[in-house]
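**Student:**
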Amino acid sequence: MARIGVFICHCGENISATVDCAKVSELAAGLPGVVYSTDYKYMCSDPGQSKIKEAIREHNLTGVVVSACSPRMHEPTFRKACAEAGLNPYLCEMANIREHCSWVHEKGDATTQKAFDLTRTLVEKVKNNHPLESIKVPVNKTAIVIGGGVAGIQASLDIANGGHQVILVEKQPSIGGHMSQLSETFPTLDCSQCILTPRMVEVAQHPNITLYTCSEIESMDGFIGNFNVKIRKKAKSVNEKLCTGCGLCTTKCPTKNIPSEFEQGLANRTAIYVPFPQAVPNKPVIDRANCRYFLTGKCKVCQKLCPTGAIDFEQEDEIIDVKAGAIVLATGFEIKNTDFFPEYGYGKYKDVINGLQFERLASASGPTQGAIRRPSDGKTPEKVVFIACAGSRDPAKGIPYCSKICCMYTAKHAMLYKHKVHEGTPYVFYMDIRAAGKNYDEFTRRAIEEDGAKYIRGRVSNIYEKDGKLIVRGADTLLGGKPVEIDADMVVLATAAVSCDGSESLAQKLHVSYDPYKFFAEAHPKLKPVETNTAGIYLAGACQAPKDIPESVAAASGAAAKVICLFSNDELTREPIVAKVNRMPPPIFSTCMGCEMCISICPYQAIDKENITNRNGEVIKTIAKINPGLCQGCGTCVAFCKSKSIDLEGYSNKQVYEEVLALLNN
Amino acid sequence: MGAINEIAARLLETGEAKVVIGYGEGSFGSVRPAFARNQEEAEKLIYDKRCTQNLAMYVYKKEISPLRKLAIVANVSTLRGIIRLASENQIKNGDIITLYINELGEVIECKALSEIEICLAEITPEIKPEDKELIDKLDAMTPQERWNFWISEMESCIKCYACRQACPLCYCTQCAVEVNQPQWIPVAANTSGNLEWHITRAMHLSGRCVECGQCGEACPVNIPIHLLPIKLAEEIKNIYGTVSGMKIQESNTLSTFKPDDKENFIG
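Sequence order for the protein chains is A and B.
Each residue of the first sequence is one higher than the one before, counting from 28 in the numbering used here.
Each residue of the second sequence is one higher than the one before, counting from 825 in the numbering used here.
#1: Chain D beta carbons: is any one of them nearer than 8 angstroms to that of serine 419(A)?
#2: Taking the alpha helix (DSSP H) that phenylalanine 594(A) belongs to, which residues open and close that run?
#3: Find the residues of chain B that neighbour glutamate 549(A), judging by a C-beta separation of less than 8 angstroms, and give them in chain order.
#4: Any Cβ of chain A within less than 8 angstroms of the Cβ of glutamate 912(B)?
#5: What residue does the alpha helix (DSSP H) around tyrosine 428(A) start on, and which one ends it?
#6: Can you have a look at tyrosine 565(A) and say buried or exposed, based on whether 16 or more other CB atoms are within 10 angstroms of its CB?
#7: For alanine 860(B), write down the residues that DSSP places opposite it in a beta bridge.
#8: Going straight from the alpha carbon of proline 394(A) to that of proline 577(A), what length do you get?
#9: Identify whether cysteine 664(A) lies in helix, strand or coil by the three-state DSSP scheme.
#10: For glutamine 632(A), which residues of its own chain have a beta-carbon under 6 angstroms away from its beta-carbon, when the five flanking residues on both sides are left out?
#11: Find the residues of chain B that neighbour threonine 649(A), judging by a C-beta separation of less than 8 angstroms, and give them in chain order.
#12: Between glutamine 863(B) and tyrosine 995(B), is the Cβ-Cβ spacing less than 8 angstroms?
#13: Between which two residues does the beta strand (DSSP E) holding glutamine 192(A) run?
#14: Going by Cα to Cα distance, which pick from Gly190(A), Arg296(A) and Glu341(A) is closest to valine 265(A)?
#15: Write down the C-beta distance between isoleucine 251(A) and alanine 587(A) rounded to the nearest angstrom, noting that I regard them as a contact closer than 8 angstroms.
#16: If we require 4 or more residues per run, which alpha helix (DSSP H) segments fall completely within the segment 897 to 957 of chain B?
#17: Work out the CA separation of cysteine 38(A) and alanine 122(A) for me, nearest whole Å.
#18: Output the boundary residues of the alpha helix (DSSP H) element that contains serine 249(A).
#19: Closest Cβ-Cβ distance between isoleucine 42(A) and chain B: below 8 angstroms?
#20: Name the chain A residues that come within less than 7 angstroms of serine 1079(B), Cβ to Cβ?
#21: Is the CB of tyrosine 995(B) under 8 angstroms away from at least one CB in chain A?
#22: Using DSSP with H/G/I as helix, E/B as strand and the rest coil, what is leucine 497(A)?
#23: Under 8 angstroms Cβ-Cβ, which residues of chain A neighbour alanine 1000(B)?
#24: Using the C-alpha atoms, what's the distance from serine 161(A) back to glutamate 686(A)?
#25: Quick one: residues in its chain with C-beta nearer than 6 angstroms to the C-beta of glutamate 977(B), no 5 flanking neighbours on either side, listed in chain order?
#26: DSSP three-state label for serine 526(A), please.
#27: Decide if the segment 872 to 889 of chain B is in contact with the segment 903 to 912 of chain B; the criterion is three or more beta carbon pairs, one per stretch, under 8 angstroms apart.
#28: For tyrosine 684(A), decide whether its Cβ has a neighbour in chain B, counting only Cβ atoms nearer than 8 angstroms.
#29: Quick one: list the residues of chain A neighbouring valine 1003(B), beta-carbon separation under 7 angstroms, in chain order.
#30: Where does glutamine 1007(B) sit, in a helix, a strand or coil, going by DSSP?
#31: Closer than 7 angstroms, Cβ to Cβ, to anything on chain A: give me those residues from the segment 1056 to 1076 of chain B, in chain order.
#32: Could you pull the start and end residues of the alpha helix (DSSP H) that leucine 1052(B) belongs to?
#33: Any idea which residues DSSP pairs asparagine 489(A) with across the strands?
#34: Quick one: what's got a C-beta closer than 6 angstroms to valine 843(B)'s C-beta in the same chain, skipping five residues either side?
#35: What is the DSSP secondary structure of cysteine 119(A), reduced to helix, strand or coil?
#36: Closer than 7 angstroms, Cβ to any Cβ of chain B: which residues of the segment 599 to 619 of chain A, in chain order?
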């Protein structure tokens, strides 16, 4: 026989101002199965909880209903109190008579009646509750970090220094990401490579980090603490174990005219190449799409020259299976190219370049050794126009958001240009100067006041070429829209930062949600900025939204902290609110017919097949099996199962049905 | 003796099949299902225009199932039923030999399920003209008229579950209607309870129904109950382009979660 205790909370005056709590308690006492009922000012307080505990002991309660606030906050409180009194915590239920009743209704009999009705439904439910045990799942203490830019490097190092194994997966032949391409960094103008490359080397040498370059995620299944990931390691055509990185092959390769990705097309590379001198790992790879041997079947110059015989044209893609407990997504961003802008010449003017190309021009390791020269004729430009918000904040171009980093790097570019070409004049067309950040506004002021960058507030309508000059036509909106025309030698577009190509399919592989611009979505914009909606997968850096270096690094350390927190447990505890396939005595075993349609409908891949065998190991029946570690308790399979063989623990059909009946049989 | 008898006799003789499910002469000029287990019974099998019943529903019946391997005389809807049962893991490849009789009266013996798929690849399933006529009539009605039509039909249902027994896809050992904890569908035959049963049945068949119409045929009170799953099958074909029971590896149209499913129908 059920022995239910009902506890009505006043929540100070939050509930009692409109609900007659004593009346609800009195009515509840008359419900069949209810042996104890009371009301109290603050049920969640210590004395309130003591009332519950005492009642459980004194009245031998088999179930508890607390009519109070939303279960979101205090269900764990009351369940813990029940557990302390020896009652299984899942025999405690909450009726929400605050948000669902007292806060939304006027004081009156009807409001009190509704509070009683809500309490009554939960009394009927709790009569059908049965004890549940929380689920324990083991944690595999290896983390996978996807993306080897500054965020991925930081996250990897932090997790590895925390004593855990890290697998760093990078798509390109080298780690380093966009930061390795930058010349100097705002707001301190320190050399980007000088601060990054030591970190890159640390990654390569760290005993806890395994680095896979030229690699991508093939597939992922599993769940927090227990992910199974397949990594596709693309054929590099160079045996890494034999290669010493001497670089002889790269000097003799006959195909020398491939635009270098690292140099943003401002210089060429060979078909067997190291992306840049400080690359990690510093071993060449063959670009099969451009290699003469792979195109014509003849050449093999590199193979003949290689002193260690490391060139392997037969090498195939390798699929590596790894198990991990957590995943950090740090895939970064891309920028729009100049060909995205019809008004700026669709990319056909050689001297209209993007911000990354300017970084390469200004970089001491770049194609011009840091001298600012026009890509078209190599002359030093006397007037350079920088255009901020190229594509960004432009709904017409489908990019309504602010790319965030451009205001700062444009100021930096203007400064670098002025530092290198003293007689030159930098012009900056801008919409607003967004320089929020430590020492950021000071930095942009310095560009304007000390370095003489000419800032013009307005947009550029078009650019065209005339007599070797680029005519930039715009308007100065601070002077009432006065037309401005500048005969520039070079134009730098601060093109919009966008999500990486392939981020959508990666998000789908990892079951991570993403926004309309294909940036990965955080679980909560304020309170869970580095978590995703998929437990155990975290975000770092600009794959979430455009971010500058300090922000990316901070997010990476945040994500690493989350991973280390997760790894500090040997087991994870989960709520046992999961679906379960019924089991019965022979000869039925289960009413599940094994149609397997629940397997395809499950959004979490939590359902698999299970063979029921006899003592000789022969299969008698194949039925569905739900992995409690993966199941999120969404109930899709429960609703779908035709033979009603699946039920949801804690929210069974029977429980919900009884709740509904309690309301109907008023 | 026609081809069907010869093949049945051979299969039984060689032991390739323990039983051949087919049609035999019934009383008063009707046909009935026949189960041939020996030469003598094999000789009594018939096949003609009257043989429209979908025999696929016998393959999982507990009296027949242990006799696998079975052979079964099949028309198009039998083939589709078998393919659908296979895609729901109720039949394994090699469990069944189908003796498909095509439009020309030729018997095509399919030992593997893939052979059935090949037969079906040449067929475009069509709804019977009289069913189509009634569906069009119902489509032309206002929702209220349609509701009234079905309510009046439901009044005569006696909940005998013949529709369920005749269906090649109602193989559950525990039907939803038999679940009484909680009792979702009332046991008594009353109009609203009958409606609940038939809506549940139609929903359980949506995306699965092979449009054989056996449920309607079986109904002793002549409710055109087969129109509900057939209409749903038509809708699914129009929306998703899928037809149930044509390929084993078909997608479960209404029971597949895809992360890239467009949700443009919301809002």
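Beta carbons: idealized from backbone N, C-alpha and C, even for Gly.
Here the structure is a predicted model, which means the values were calculated and not measured.
**Tutor:** Short version:
#1: Here the protein chains are A and B, and chain D is not one of them.
#2: Here residue 594(A) corresponds to residue number 567 of the first sequence, with the count starting at 1. That run of the alpha helix (DSSP H) goes 576 to 594.
#3: If you number the first sequence from 1, residue 549(A) lands on position 522. Simply none; closest approach about 18 angstroms.
#4: As a working mapping, residue 912(B) is identified with position 88 in the second sequence. Yes, contact with chain A.
#5: Your numbering for residue 428(A) matches position 401 in the first sequence. From DSSP, tyrosine 428(A) is part of no alpha helix (DSSP H); its letter is neither H nor E.
#6: By one-based count along the first sequence, residue 565(A) stands at place 538. It counts as buried.
#7: Counting from 1 along the second sequence, the entry for residue 860(B) is found at position 36. Per DSSP, Val844(B).
#8: The count along the first sequence starts at 1 and reaches residue 394(A) at position 367. The count along the first sequence starts at 1 and reaches residue 577(A) at position 550. Going from the Cα of proline 394(A) to the Cα of proline 577(A) covers about 27 angstroms.
#9: The residue labelled residue 664(A) in the question sits at position 637 within the first sequence. Of the three classes helix, strand and coil, the one that applies to cysteine 664(A) here is helix, per DSSP.
#10: For the purposes of this step, residue 632(A) is identified with residue 605 of the first sequence, where counting begins at 1. Sequence-distant Cβ neighbours of glutamine 632(A) in its own chain, meaning closer than 6 angstroms and more than five residues away, are Asp248.
#11: Along the first sequence, one-based indexing puts residue 649(A) at 622. Those within 8 angstroms of threonine 649(A) in chain B are Asn913.
#12: By one-based count along the second sequence, residue 863(B) stands at place 39. By one-based count along the second sequence, residue 995(B) stands at place 171. Contact annotation: glutamine 863(B) and tyrosine 995(B) have beta-carbon atoms that are not nearer than 8 angstroms.
#13: By 1-based counting over the first sequence, the position of residue 192(A) is 165. Run containing glutamine 192(A): 192 to 196, per the beta strand (DSSP E) assignment.
#14: For the purposes of this step, residue 265(A) is identified with residue 238 of the first sequence, where counting begins at 1. Shortest Cα-Cα distance from valine 265(A) to any of Gly190(A), Arg296(A) and Glu341(A) involves Glu341(A).
#15: Here residue 251(A) refers to the residue found at position 224 when the first sequence is read from its first residue. Here residue 587(A) refers to the residue found at position 560 when the first sequence is read from its first residue. The distance from the Cβ of isoleucine 251(A) to that of alanine 587(A) is about 16 angstroms, inconsistent with a contact at the 8 angstroms cut-off.
#16: If we require 4 residues or more, the alpha helix (DSSP H) runs fully inside the segment 897 to 957 of chain B come out as 900 to 911 and 937 to 945.
#17: On the first sequence, residue 122(A) is found 95 positions in, with the first residue counted as 1. On the first sequence, residue 38(A) is found 11 positions in, with the first residue counted as 1. Computed Cα separation, rounded: 13 angstroms.
#18: Mapped onto the first sequence, residue 249(A) falls at position 222. Correcting the residue type first, residue 249(A) is glycine in the shown sequence and not serine. Annotation for glycine 249(A): no alpha helix (DSSP H) segment contains it, though the beta strand (DSSP E) segment containing it runs 242 to 250.
#19: Start at 1 with the first residue of the first sequence, and residue 42(A) comes out as number 15. False, the Cβ-Cβ gap to chain B never drops below 8 angstroms.
#20: Counting from 1 along the second sequence, the entry for residue 1079(B) is found at position 255. Scanning chain A for C-beta atoms nearer than 7 angstroms to the C-beta of serine 1079(B) yields Met624, Ser627, Ile628 and Phe667, reported in chain order.
#21: Locating residue 995(B) in the second sequence gives position 171, counting from the first residue. Chain A contact via Cβ: present.
#22: As a first step, residue 497(A) is located in the first sequence; it is residue number 470 there, counting from the start. Three-state DSSP puts leucine 497(A) in a strand.
#23: The residue given as residue 1000(B) occupies position 176 in the second sequence. Under the 8 angstroms cutoff, chain A gives Lys669, Ser670 and Lys671.
#24: Within the first sequence, the letter at position 659 stands for residue 686(A). Within the first sequence, the letter at position 134 stands for residue 161(A). Their Cα atoms are separated by approximately 24 angstroms.
#25: To locate residue 977(B), count along the second sequence from 1; it is residue 153. Here the set comprises Ile1047.
#26: In the first sequence, residue 526(A) corresponds to position 499, counting from 1. Taken through DSSP and simplified to helix, strand or coil, serine 526(A) comes out as strand.
#27: By the criterion of at least three beta-carbon pairs nearer than 8 angstroms, the segment 872 to 889 of chain B is in contact with the segment 903 to 912 of chain B.
#28: Position 657 of the first sequence holds residue 684(A). For tyrosine 684(A), at least one C-beta of chain B is nearer than 8 angstroms to its own C-beta.
#29: Counting from one through the second sequence, the residue named residue 1003(B) turns up at place 179. Simply Lys671.
#30: Reading the second sequence from its first residue, position 183 is the one you call residue 1007(B). Glutamine 1007(B) falls in the strand class under three-state DSSP.
#31: Within the segment 1056 to 1076 of chain B, contact with chain A at the beta-carbon level (separation under 7 angstroms) is assigned to Asn1076.
#32: Residue 1052(B) sits at position 228 when you count from the first residue of the second sequence. That run of the alpha helix (DSSP H) goes 1051 to 1064.
#33: On the first sequence, position 462 is the one that residue 489(A) refers to. Beta-bridge annotation (DSSP): asparagine 489(A) is paired with Arg500(A).
#34: Against the second sequence, residue 843(B) aligns to sequence position 19. Cβ contact annotation for valine 843(B) (same chain, cutoff 6 angstroms, sequence separation greater than five): Phe859, Arg861, Leu891 and Leu894, in chain order.
#35: Looking up residue 119(A) in the first sequence gives position 92. Residue state, collapsed to three classes: strand.
#36: Flagged, chain order: Ile615 and Thr618.
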